[in-house]
Amino acid sequence: MRIPTATIITALIIGSVSVSTAQAACEGTNGRGWGTGRGAGQFEMSTRDKICKISFPGFIDDVRKTRTPATDVTITRQPKSGKITVVTGQGLIYTPSAGFKGKDRFCTKNTTPKVKGKSLSGCITVSVR
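Mapped onto mature numbering (1 follows the signal peptide of the UniProt record, and there is no 0), the consecutive letters of the sequence shown carry residue numbers -24 to -1, 1 to 105.
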């Protein structure tokens, strides 16, 4: 039995769309202002995503052109409609409460032993749609 080429191509395209939709993840940025205590991150996710992985804010060295992640995290304001988990060496994971849709906000103060005497502070808003 011979399968027409158009059928194979259509199946590949539909399969690709299904995979990319299933692997959709939250998107966003930590934003600016963390060094002055006014960090303002914005992330967006769908309820299908289940979790939102968020990188640590970082100390920027403009001279050396390097970024040092501030991996020691203190949650200064918990989200009202979800929870935050700190994953050592990887970042933060926001998990919305079951059935939640809307905006949720949490705040952190971050440090690292690699940058002595300084901290980064701010808040992140996650929009769940």
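Quick reminder that beta carbons are idealized off the backbone N, C-alpha and C, glycines included.
Everything numeric in this text was worked out from a predicted model, so none of it was measured.
From the DSSP output, read off the bridge partner residues of residue i.
| i | result |
| --- | --- |
| G58 | P72 |
| D80 | V102 |
| S97 | K85 |
| K29 | I69 |
| R43 | I36 |
Given a cut-off of 8 angstroms, decide if residue j and residue i are closer than it, judged by their beta-carbon atoms.
| i | j | result |
| --- | --- | --- |
| V104 | P72 | yes |
| S95 | G15 | no |
| I30 | G67 | yes |
| R53 | C28 | no |
Which same chain residues, not among the five before or five after residue i, have their C-beta less than 8 angstroms away from its C-beta?
| i | result |
| --- | --- |
| A(-1) | Low confidence applies to A(-1): its pLDDT is 48, below 50, so where it sits in the model is not reliable, and the reading given next is rough at best. So the list reads S22, R24, D25, once near-sequence residues are dropped. |
| R8 | G15, A16 |
Candidates the options: which alpha carbon is nearest residue i's?
| i | options | result |
| --- | --- | --- |
| W10 | E3, F32, I27, R53 | F32 |
| T47 | P89, E20, I69, I60 | P89 |
| P55 | C2, N6, C99 | C99 |
Residues in its own chain within less than 6 angstroms of residue i by CB, not counting five upstream and five downstream?
| i | result |
| --- | --- |
| T61 | I69 |
| T101 | Q18, K79, R81 |
| R43 | G34, I36 |
| T(-4) | Reliability of the predicted coordinates at T(-4) is poor, the pLDDT of 38 falling under 50, and the value obtained from them is presented with this limitation in mind. Cβ neighbours of T(-4) beyond the five flanking positions: none. |
| P45 | F32, G34 |
| N6 | G17, P33 |
Give every residue of the same chain whose Cβ lies closer than 7 angstroms to the Cβ of residue i, excluding the five residues on either side of it in the sequence, and list them in chain order.
| i | result |
| --- | --- |
| F76 | S57, G58, V104 |
| G4 | G17, Q18, F19, E20 |
| I51 | I60, F82, T84 |
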